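Each protein sequence line maps, in turn, to chains F and H. In this note's numbering, each residue carries its 1-based index in the first sequence increased by 6. In this note's numbering, each residue carries its 1-based index in the second sequence increased by 6. Even for Gly, the Cβ is constructed at its ideal location relative to N, Cα and C. Keep in mind it's a predicted model, so treat the numbers as computed, not measured. Quick notes on the structure that follows.
Number of protein chains: 2
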Amino acid sequence: MENSEPKMLNFRGKEYPCCASLTMGIIGGKWKTVILYHLIEKKLRYNELRKEMPTVTERTLSLQLKALEEDGLIKRKVYTSKPPLKVEYSLTDFGKTLIPLIQSIADWGDSVVEKYSK
Amino acid sequence: MENSEPKMLNFRGKEYPCCASLTMGIIGGKWKTVILYHLIEKKLRYNELRKEMPTVTERTLSLQLKALEEDGLIKRKVYTSKPPLKVEYSLTDFGKTLIPLIQSIADWGDSVVEKYSK
DNA sequence: ATTTATACTATCCTTTTTGACCGTTATTGC
DNA sequence: GCAATAACGGTCAAAAAGGATAGTATAAAT
């Protein structure tokens, strides 16, 4: 009998054909690694993130933050109950397991800039 | 004076706000890292890649291969001049600089599978 | 009393990515 | 003569991602 069904990996309800695509499903997209990269160093508030990433729109930023939170990579801590809110975002322990990877991603991008666009 | 224009990084005509997003612009997307991952070990022909990645469509695979080639990460070597063609894909030297990163991406995905979906 | 500030959310729309499906070329095997 | 094969490309459509813009609640500052 032929193997007709390729064995899939599963994480949080989504199927991935390969361990590499699983990772990319979680940190892929235009902004997630940028957010994670900025959170490596320290906790940041929503508007602080916006200042670090001036080209992202508010809507996209909050969608991405929510997705990262749902995947358990970041945590959202609220300090006030009424507006104006104070909210801080930081990496969870699970999110911290990504630090070496995020750092490598940033470093490779850096090295490309050094070599090809100076 | 306020700084109104965020300093952008540039690679192959595209602008990125951050070294991490530059990397993701090059290897991001649903399939690119999977292709690169399979090419780490050895050169592969088009149909061999298809067998390794049974859930990608032919069109998408060829689009992604072309994009990777245009970014200089893989090279396409044609062995015959008339159909049926023999074509082999392999990493360029530039593409090989990504091997540790691709490996880390795959390893992190693996570790997630180990911990959370066994 | 009005403005400013925070951290969003809601609509609506455009762009990008991915998929389904079929066609092409020339050679080899039946 | 017909099907199979390799490596695609073309067209159309759906889905996913991202952007523009405006609005919300409440408190402190002016």
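Any C-beta of chain H under 8 angstroms from that of F:Leu125: Limits of chain F in this structure are 7 at one end and 124 at the other, which puts residue 125 of chain F out of reach.
Measure from the C-beta of F:Thr66 to each C-beta in chain H and report whether the shortest distance is under 8 angstroms. Within the first sequence, numbered from 1, the residue matching residue 66 of chain F stands at position 60. No, F:Thr66 does not count as interfacial toward chain H.
Does the beta-carbon of F:Pro23 have 16 or more other beta-carbons within 10 angstroms, so that it is buried, or is it exposed? For the purposes of this step, residue 23 of chain F is taken as residue 17 along the first sequence, with counting starting at 1. Per the 10 Å Cβ criterion, buried.
Given a threshold of 16 other Cβ atoms within 10 Å of its Cβ, counted over all protein chains shown, does F:Thr86 qualify as buried or as exposed? Position 80 of the first sequence, counted from the start, is the residue given in the question as residue 86 of chain F. So F:Thr86 counts as exposed.
With 16 other Cβ atoms within 10 Å as the buried cut-off, status of F:Val84: Your numbering for residue 84 of chain F matches position 78 in the first sequence. The residue in question, F:Val84, is exposed, as its Cβ has fewer than 16 Cβ neighbours within 10 Å.
For chain H, find out if any of its Cβ atoms is closer than 8 angstroms to the Cβ of F:Ala73; answer yes or no. In the first sequence, the residue the question calls residue 73 of chain F occupies position 67. It does not; no Cβ of chain H falls within 8 angstroms.
Any beta strand (DSSP E) of 3 or more consecutive residues that is wholly inside the stretch 27-78 of chain H: none
Please report the straight-line C-alpha distance between F:Lys72 and F:Val40, rounded to a whole angstrom. The count along the first sequence starts at 1 and reaches residue 72 of chain F at position 66. The count along the first sequence starts at 1 and reaches residue 40 of chain F at position 34. Rounded to the nearest angstrom, the two C-alpha atoms are 14 angstroms apart.
Leaving aside the five residues before and after H:Trp37 along the sequence, list all residues of the same chain whose C-beta is less than 6 angstroms from its C-beta, in chain order. The count along the second sequence starts at 1 and reaches residue 37 of chain H at position 31. Result list for H:Trp37: Val62, Gln70, in chain order.
For F:Ser10 and H:Pro89, I'd like the C-alpha separation in whole angstroms. Position 4 of the first sequence, counted from the start, is the residue given in the question as residue 10 of chain F. Position 83 of the second sequence, counted from the start, is the residue given in the question as residue 89 of chain H. Confidence is the limiting factor: at F:Ser10 the pLDDT is only 45, short of 50, which leaves the residue's position unreliable and the question unanswerable from this model.
Contacts that F:Tyr122 makes with chain H (C-beta to C-beta distance below 7 angstroms): Numbered from its first residue, the first sequence carries residue 122 of chain F at position 116. The contacting residues are Phe17.
Does DSSP put H:Tyr122 in a helix, a strand or coil? Taking the second sequence and counting its residues from 1, one reaches residue 122 of chain H at position 116. Three-state result, H:Tyr122: helix.
Do the stretch 103-112 of chain F and the stretch 49-69 of chain H make contact, defined as three or more Cβ pairs closer than 8 angstroms? no
Do H:Gly115 and the ligand COA come close, with the Cβ less than 7 angstroms from some heavy atom? For the ligand COA, the structure offers nothing, since it holds no ligand at all.
Over the uninterrupted beta strand (DSSP E) stretch that includes F:Lys81, give me the two end residues. As a position in the first sequence, residue 81 of chain F is number 75, starting the count at 1. Element bounds for F:Lys81: 80-84.
Continuous beta strand (DSSP E) stretch holding F:Lys20: start and end: On the first sequence, residue 20 of chain F is found 14 positions in, with the first residue counted as 1. F:Lys20 -> beta strand (DSSP E) spans 20-22.
Could you pull out every residue in the same chain whose Cβ sits closer than 8 angstroms to the Cβ of H:Met59, ignoring the five residues on either side in sequence? Indexing the second sequence from 1 puts residue 59 of chain H at position 53. Excluding residues within five positions, the ones whose Cβ falls inside 8 angstroms are Trp37, Val40, Ile41, His44, Leu67.
Burial state of H:Ser131, where buried means 16 or more other Cβ atoms lie within 10 Å: Limits of chain H in this structure are 7 at one end and 124 at the other, which puts residue 131 of chain H out of reach.
Between the C-alpha atoms of F:Lys57 and H:Leu55, what's the straight-line distance to the nearest angstrom? By 1-based counting over the first sequence, the position of residue 57 of chain F is 51. By 1-based counting over the second sequence, the position of residue 55 of chain H is 49. About 42 angstroms.
I'd like the span of the beta strand (DSSP E) that includes F:Ser96, first residue to last. Here residue 96 of chain F corresponds to residue number 90 of the first sequence, with the count starting at 1. Counting along the chain, the beta strand (DSSP E) containing F:Ser96 begins and ends at 93-97.
When Cβ atoms are compared, which residues of the stretch 36-47 of chain H fall closer than 7 angstroms to chain F? Lys36, Thr39, Val40, Tyr43
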